[in-house]
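**Student:** Under our numbering, think of the first position of the sequence shown as 25, with each following residue one higher.
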Amino acid sequence: MNGMYLPEGFLLGTPENHEFLSSRQGLERALERQKILEACATLCDADMCLHFDLFGTPAIMPKEEVVLTRNREEIKDIAVLTRVGKPVCFKVSGFTRNAAGETVALLSRRAAQKECLYHYIEGLIPGDIIPATVTHLESFGAFVDIGCGIVSLLSIDCISVSRISHPRARLRPGDRIHVVVKHIDPDGRVYVSLRELLGTWEENAALFTAGQTVAGMVRSIEPYGIFVELTPNLTGLAECKEGVSVNQSAAVFIKSIIPEKMKIKLIVIDTHDTEAAPAPLRYFTDPKTTAHLDVWRYSPRQCERVIETRFD
25 MNGMYLPEGF LLGTPENHEF LSSRQGLERA LERQKILEAC ATLCDADMCL HFDLFGTPAI
85 MPKEEVVLTR NREEIKDIAV LTRVGKPVCF KVSGFTRNAA GETVALLSRR AAQKECLYHY
145 IEGLIPGDII PATVTHLESF GAFVDIGCGI VSLLSIDCIS VSRISHPRAR LRPGDRIHVV
205 VKHIDPDGRV YVSLRELLGT WEENAALFTA GQTVAGMVRS IEPYGIFVEL TPNLTGLAEC
265 KEGVSVNQSA AVFIKSIIPE KMKIKLIVID THDTEAAPAP LRYFTDPKTT AHLDVWRYSP
325 RQCERVIETR FD
């Protein structure tokens, strides 16, 4: 796994990060070695500069050094303001003195992002499995940090095979996840997917047995039945029942599991409203041992219907 250009927050508590930040000599070594470090921004001043306290050494990041933009685009104020109170990666770019005569470290997130882009992100190809951190959610998907604050889109249809109405059903801001690179556009923007890491139909169906009553989540209601999610990548169809609503938790009886038709038949026993947080994701592809996928086939081999993702 990439160990140098991680999403923001990964370096914050590491001994090496602490060693460089805890003294003026450490900051000078970081400048000399061009190390990427992290600290939390404490405030944003009226000039839209971020301020930091590096173990007693004040530091400042000018607005133009907060974000690496494409084609010299203007940096939006919100991109600066939303960094306050959060981990921010940077390189030390120099030192100056303030009005009180104190030494102030000058920081650049832009320089850290530029290095990350050229030495890591531009080398990614579709199928690569990488770490990411969820930054914020929209109705159409989740934005994730794939390295040094550089953001990628995880569209809602790529979060899981089971359809959800909003990414909040599966993710929360701050979640540390793994994703697979799905597409890179001509401008270098990276788009990622999650569902290929959450198991095939057979892998998920193997968790269940006909005759069991298990917990699920109602995801949609159609004239011909109720779709109940058993895992993020596995949904069964239950017979219609009055009083059932979308996004309710359900107890369902498993009537049958039919791999050749890729179907699970269910009976809804009971439902209730819930505001429970999303369950932790279960990865069937281990990012520690698998760094790349060429092809991912979701459907069973004996099923005529083929659902797969080709990254090659």
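We put the CB at the ideal spot given by N, CA and C, even for glycine.
Along the beta strand (DSSP E) that carries Arg-200, what are the first and last residues, could you check?
**Tutor:** 200–208
**Student:** As a quick exercise: from Arg-121, Arg-48, Leu-141, pick the residue whose alpha carbon is nearest that of Leu-78.
**Tutor:** Ranking Arg-121, Arg-48, Leu-141 by Cα distance to Leu-78 puts Arg-48 first.
**Student:** Looking only at its chain, what residues have a beta carbon closer than 8 Å to the beta carbon of Val-319, apart from the 5 residues adjacent to it on each side?
**Tutor:** Correct list, in chain order: Glu-332, Thr-333, Arg-334, Phe-335, Asp-336.
**Student:** Terminal residues of the continuous beta strand (DSSP E) containing Ala-63?
**Tutor:** 61–64
**Student:** For Lys-285, does the three-state DSSP call read helix, strand or coil?
**Tutor:** In the structure shown, Lys-285 falls within a helical segment according to DSSP collapsed to helix, strand and coil.
**Student:** With 16 as the cutoff for other CB atoms within 10 Å, does Met-25 come out buried or exposed?
**Tutor:** Low per-residue confidence applies at Met-25: pLDDT is 48, beneath 50, and the placement is therefore not dependable, though the value from the model is reported in the following sentence. Met-25 is exposed by the Cβ-count criterion.
**Student:** Anyone know if the C-beta pair for Val-216 and Leu-261 falls short of 8 Å?
**Tutor:** no
**Student:** Which residue's Cα is closest to the Cα of Gly-151: Arg-329, Arg-107, Ile-282, Thr-314?
**Tutor:** Thr-314
**Student:** Mapping DSSP to helix, strand and coil, what is Leu-332?
**Tutor:** Per the sequence shown, residue 332 should be read as Glu rather than Leu. Residue state, collapsed to three classes: strand.
**Student:** Check for me: the alpha helix (DSSP H) holding Arg-57 runs from which residue to which?
**Tutor:** 48–57
**Student:** Do you know how far the Cα of Thr-224 is from the Cα of Leu-195?
**Tutor:** Our two residues, Leu-195 and Thr-224, have alpha carbons roughly 20 Å apart in a direct line.
**Student:** CA-CA distance, Ser-116 and Thr-81?
**Tutor:** For the sequence presented, residue 116 should be read as Val rather than Ser. Rounded to the nearest angstrom, the two C-alpha atoms are 12 Å apart.
**Student:** With distances taken Cα to Cα, identify the nearest neighbour of Leu-74 among Leu-36, Arg-321, Arg-134, Pro-39.
**Tutor:** Arg-134
**Student:** Terminal residues of the continuous beta strand (DSSP E) containing Asp-77?
**Tutor:** Unbroken beta strand (DSSP E) run through Asp-77: 74–78.
**Student:** How many angstroms separate the CA atom of Thr-157 from the CA atom of Asp-181?
**Tutor:** Taking the straight line joining both Cα atoms gives about 18 Å.
**Student:** Considering only residues of the same chain and omitting the five flanking positions on each side of Glu-253, which have a CB-CB separation below 6 Å?
**Tutor:** Ser-186, Gly-240, Met-241, Arg-243, Thr-259
**Student:** Looking at the unbroken alpha helix (DSSP H) that takes in Phe-44, where does it start and where does it end?
**Tutor:** 39–45
**Student:** Kindly give me the distance between the Cβ atoms of Ile-291 and Glu-263, rounded to whole angstroms, as I take these residues to be in contact under 8 Å.
**Tutor:** 6 Å
**Student:** Pick out whichever of Lys-279, Phe-76, Glu-220 has its Cα sitting closest to the Cα of Phe-232.
**Tutor:** Lys-279
**Student:** Suppose contacts are defined by Cβ-Cβ distances below 8 Å. Is Arg-306 in contact with Leu-222 by that definition?
**Tutor:** yes
**Student:** Express the C-alpha separation of Asp-169 and Pro-86 in angstroms, rounding to a whole number.
**Tutor:** 22 Å
**Student:** Assign Val-214 to one of three DSSP states: helix, strand, or coil.
**Tutor:** strand
**Student:** Reducing DSSP to helix, strand and coil, say where Val-185 ends up.
**Tutor:** coil
**Student:** If Pro-155 and Leu-30 are in contact, beta carbons under 8 Å, what's the gap, nearest whole angstrom?
**Tutor:** 6 Å
**Student:** Based on DSSP bridge pairs, tell me the residues matched to Glu-162.
**Tutor:** Gly-165
**Student:** Classify Thr-38: buried if its beta carbon has 16 or more other beta carbons within 10 angstroms, exposed otherwise.
**Tutor:** exposed
**Student:** When you compare only the Cα positions, how much space is there between Ser-273 and Gly-235?
**Tutor:** Going by the C-alpha atoms only, they are around 19 Å apart.
**Student:** Cβ atoms of Val-214 and Ser-176: under 8 Å apart, would you say?
**Tutor:** In this structure, Val-214 lies closer than 8 Å to Ser-176 by Cβ.
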